[in-house]
Each structure stands twice: as C-alpha cells, then as structure tokens.
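First comes the structure, then the notes that go with it.
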Amino acid sequence: EAGVTQSPTHLIKTRGQQVTLRCSPISGHTSVYWYQQALGLGLQFLLWYDEGEERNRGNFPPRFSGRQFPNYSSELNVNALELEDSALYLCASSRGRPLGYGYTFGSGTRLTVV
Amino acid sequence: GQQVMQIPQYQHVQEGEDFTTYCNSSTTLSNIQWYKQRPGGHPVFLIQLVKSGEVKKQKRLTFQFGEAKKNSSLHITATQTTDVGTYFCAGLDSSYKLIFGSGTRLLVRP
Numbered sequence: 003e004a005g006v007t008q009s010p011t012h013l014i015k016t017r018g019q020q021v022t023l024r025c026s027p028i029s030g031h032t033s034v035y036w037y038q039q040a041l042g043l044g045l046q047f048l049l050w051y052d053e054g055e056e057r058n059r060g061n062f063p064p065r066f067s068g069r070q071f072p073n074y075s076s077e078l079n080v081n082a083l084e085l086e087d088s089a090l091y092l093c094a095s096s097r098g099r100p101l102g103y104g105y106t107f108g109s110g111t112r113l114t115v116v
Numbered sequence: 210g211q212q213v214m215q216i217p218q219y220q221h222v223q224e225g226e227d228f229t230t231y232c233n234s235s236t237t238l239s240n241i242q243w244y245k246q247r248p249g250g251h252p253v254f255l256i257q258l259v260k261s262g263e264v265k266k267q268k269r270l271t272f273q274f275g276e277a278k279k280n281s282s283l284h285i286t287a288t289q290t291t292d293v294g295t296y297f298c299a300g301l302d303s304s305y306k307l308i309f310g311s312g313t314r315l316l317v318r319p
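Chains as they are written, first to last, in this note's numbering: chain A, 3 to 116; chain B, 210 to 319.
Encoded structure:
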C-alpha cells in the first residue's frame, strides 16, 4: 500500500510569492490534514478536508488556503509568502473523521522563504 | 482554545536507562494519540488510548491515559539508540482538531 505522498519535497521561494503544495492520501482515506512544523518546533494544525469540504482550520491567516479534489488529493496554497512561513509542511490522511484513527503522515514539503 | 503541554522538552539518557514523557491537557480529551518523529523524518503513529485509566504496551513502551482523561504518559524501559527521536502526544479538541503537544526530544548515549 502506497503511503501519503507529498510534492515537492523541497522548495525555495521569495518573500511575496505564492506557493502550492500537493498531497495524495492513502487509498481509501477520505480525510486530509495539513500541519506546519517550524524548525525544531511542534506541529501546528492548518486545515482539515473531508469528502471535498473544508471541515476546520487552525489559527492561520486567510492567505493559507487549500482544497480537496474528488479523488481526495489535496492542495495547500500560501499567498504573499513571509519569511516566517519557512517550515516543514506535513500532510496526513486518515480513514474517515478523526475519531478512532491514527494519522498517516507524508514526508513533508520543506519550504524556505528568502 | 485547548492546549496540550508536554514535559520534559529534552531528555538525554544513557542507553539502558528508562525514559518517561508526560502530556497534560487543559481540557478533557476524547482520546489521546502518540507519535514518534525520527530526526529528519515525519511523525509516525504509535498508539491511541480511549478509555479512562487505560494502559497499553508495545514491547518496551508503556502508554497510560489518566483517570480524568486529561493527562497521559509514555514510558520506555531500557532505552536503545533506535529510540532516538521526538515523541509527541496529541489530543482531539471539541471541534475534532488533533492538537499536538510540543514534544519531548529523546537523545540516547550509546
């Protein structure tokens, strides 16, 4: 069984630019979650998508957005990049709603904003 | 909002010593999950606890969920160098967001 796949693995962007990160969940998983992990820090919840709908979002500004496609893959978009957006962006998937199932994480996208 | 706190932030042990990390929530949790993140890697799901007072074991790892479902612990017996990494607890808040603790980084001296 293929795991959660994320692309790209690394990205360097300039302040003010826009970026799109992609995630493909495990087959059969309908929920996708996005987390931000700044260097050496914990995981901050960004967004949760389930069945194509945004179900919840964390305390991040509106320039962080995303969507989930009919095949359950997901995109995370970040507009007007700032230096503090530099982080590892992790996508995770689970079977159905987040009660009773552990999350399977992808290897992440390392974003550097210069 | 809900906060999940973990202590200690770091633990440096000699191989063979025991290790414990503690997790405390500001609110009652429906369940608690534990993850391990190796250096340079991504979090990997270890276990989920659901019932008050529940204790689960995975080889040398023992997980406990407090009676009030507001705290949890992970204990590793006789650490090995393969145990190196950061251990995170995570709890679901009332809106089904999985909130991660700040993590405990375990370093093991061979």
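We treat Cβ as the ideally placed atom computed from N, Cα and C, and that holds for glycine.
- Under the Cβ distance rule, B:P217 does not count among the residues neighbouring chain A, no pair being separated by less than 9 Å.
- When secondary structure is reduced to three states using DSSP, B:T291 falls in the helix class.
- The C-alpha of B:G312 lies about 13 Å from the C-alpha of B:V293.
- Residue pairing for B:K245: DSSP places it in a beta bridge opposite B:V253, B:Y296.
- Excluding sequence positions up to five before and after B:I216, its CB lies within less than 6 Å of the CB of Y231, all in the same chain and listed in chain order.
- Looking at the DSSP output, B:L307 shares a beta bridge with B:L301.
- In chain order, F297, F309, G310, S311, G312 make up the part of chain B whose C-beta sits under 8 Å from the C-beta of A:G44.
- Using a Cβ distance threshold of 9 Å, B:L255 and A:G104 count as a contacting pair.
- Under the Cβ distance rule, B:I241 does not count among the residues neighbouring chain A, no pair being separated by less than 9 Å.
- Excluding its 5 nearest sequence neighbours in each direction, B:Q223 has C-beta neighbours in its own chain below 6 Å: R318, listed in chain order.
- Using a Cβ distance threshold of 9 Å, B:K279 and B:S234 count as a contacting pair.
- For B:G250, the number of other beta carbons within 10 angstroms of its own is below 16, and it is reported as exposed.
- According to the DSSP assignment, B:E224 belongs to no beta strand (DSSP E), since it is labelled neither H nor E.
- A direct Cα-Cα distance of roughly 8 Å separates A:R69 from A:E55.
- Per DSSP, the beta bridge partners of A:A94 are A:Y35, A:F107.
- Of the residues assessed, B:S281 falls on the buried side of the cut-off, its CB having 16 or more other CB atoms within 10 angstroms.
- Bridge pairing for A:S26: A:T7 [DSSP].
- At least one CB atom of chain B sits nearer than 9 Å to the CB of A:Y35.
- Between the beta-carbon of B:G225 and that of B:T271 there is about 17 Å, and that puts the pair past the 8 Å contact cut.
- Excluding its 5 nearest sequence neighbours in each direction, A:R57 has C-beta neighbours in its own chain below 6 Å: W50, listed in chain order.
- In the DSSP assignment, A:Y51 falls within the beta strand (DSSP E) that extends over 46-52.
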